[in-house]
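Visitor: I have a structure I would like to understand better, so I am pasting it below and will then ask my questions one at a time.
Residue numbers (mature numbering (1 follows the signal peptide of the UniProt record, and there is no 0)): -24 to -1, 1 to 264.
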């Protein structure tokens, strides 16, 4: 009995660690990773700056996947990048490539069925003001805190995509917004978008209660499938997460904006800090 109980406790502990990973970036240590992998990068003279640049670069390439937090040693580097002119330049270059594509890509049929898709957070409006006050991705996401901030409708527009949004709309595309935000945030999201200069989109897709257990890429692919089933042709997608492009049906072209703060993967957002009861109460309006 004693041995069985010990095995049970060990198994339970492992399960907890898998379900609710480390809550801060301090658990992710670059030097420990080097030792585990026997890379010997430190002794080879590989600088921390170079490592963090490579980490960020490989996040954008989708080689680094599923990270819960920004590595502790890279928080300052990521903070500097996300608030730098280089970040703005990288975003602008992605937008310019999209504009170049638009000059020759699309023979619109004029039937109102030519569609373009945008993400919302960190594509149209920025969550950077929130993450500036919460560790630049170095702390595990607190969903309750983030949604409380979103409810204030204070996310600023990303100027490069604001211009692109209106340019695409003027060309005759129907613009659809597909977000991992939850349905209770609809009013706040619409208010925020309008306040920042966005208007005239044809649809805003948010996660309902039935979407909570869906993988992000499946949730977004299902939203695109509904559009295709309604006869829409998806010419392009602009987003900051790879999960916005994965799955079928896809688009003829996709344009990825940089984002090293978080990685939307697995179930839309892991909620180890929030009970299912609390989630249900939020949906039915009792959690005020």
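For every residue, glycine included, the Cβ atom is placed at its ideal position computed from N, Cα and C.
#1: Rounded to the nearest angstrom, what separates residue 209 and residue 221 at their Cα positions?
#2: Within its chain, find whatever has a CB closer than 8 Å to the CB of residue 181; leave out the 5 residues flanking it on each side and keep chain order.
#3: With a 10 Å radius around its C-beta and 16 neighbouring C-beta atoms as the bar for buried, classify residue 60 as buried or exposed.
#4: In chain order, what are the residue ranges of uninterrupted alpha helix (DSSP H) at least 4 long that sit wholly in the stretch 129 to 182?
#5: Residue 235 by DSSP, collapsed to three states: which one?
#6: How is residue 269 classed by DSSP in three states: helix, strand or coil?
#7: Please state whether DSSP places residue 189 in a helix, a strand or coil.
#8: With DSSP as the reference, label residue 35 as helix, strand or coil.
#9: Note down the Cα distance separating residue 12 from residue 23, rounded to an integer number of angstroms.
#10: Take residue 149 and list the residues in its own chain whose beta-carbon comes closer than 6 Å to its own, dropping the five residues that flank it on each side.
#11: Does the distance from the C-beta atom of residue 43 to that of residue 239 stay below 7 Å?
#12: Mind checking residue 37: buried by the 16 CB within 10 Å criterion, or exposed?
Guide: According to the structure data:
#1: Residue 209 and residue 221: Cα-Cα distance of roughly 15 Å.
#2: These residues qualify, in order along the chain: 152, 153, 154, 155 and 199.
#3: Residue 60 should be labelled exposed.
#4: Whole alpha helix (DSSP H) segments, 4+ residues: 135 to 146 and 162 to 171.
#5: For residue 235, the secondary structure class from DSSP, reduced to helix, strand or coil, is coil.
#6: Because the chain is modelled from -24 through 264, residue 269 falls outside the range shown and cannot be assessed.
#7: Judged by DSSP in its simplified three-state form, residue 189 adopts coil rather than helix or strand.
#8: Reduced to three states, the DSSP call for residue 35 is helix.
#9: Below a pLDDT of 50, predicted positions are generally treated as unreliable, and residue 12, at 47, falls in that range; the measurement from the model is reported next regardless. Each residue's Cα considered, the two are about 18 Å apart.
#10: These residues qualify, in order along the chain: 90 and 92.
#11: Taking C-beta atoms as the reference points, residue 43 and residue 239 count as a pair closer than 7 Å.
#12: Burial call: exposed.
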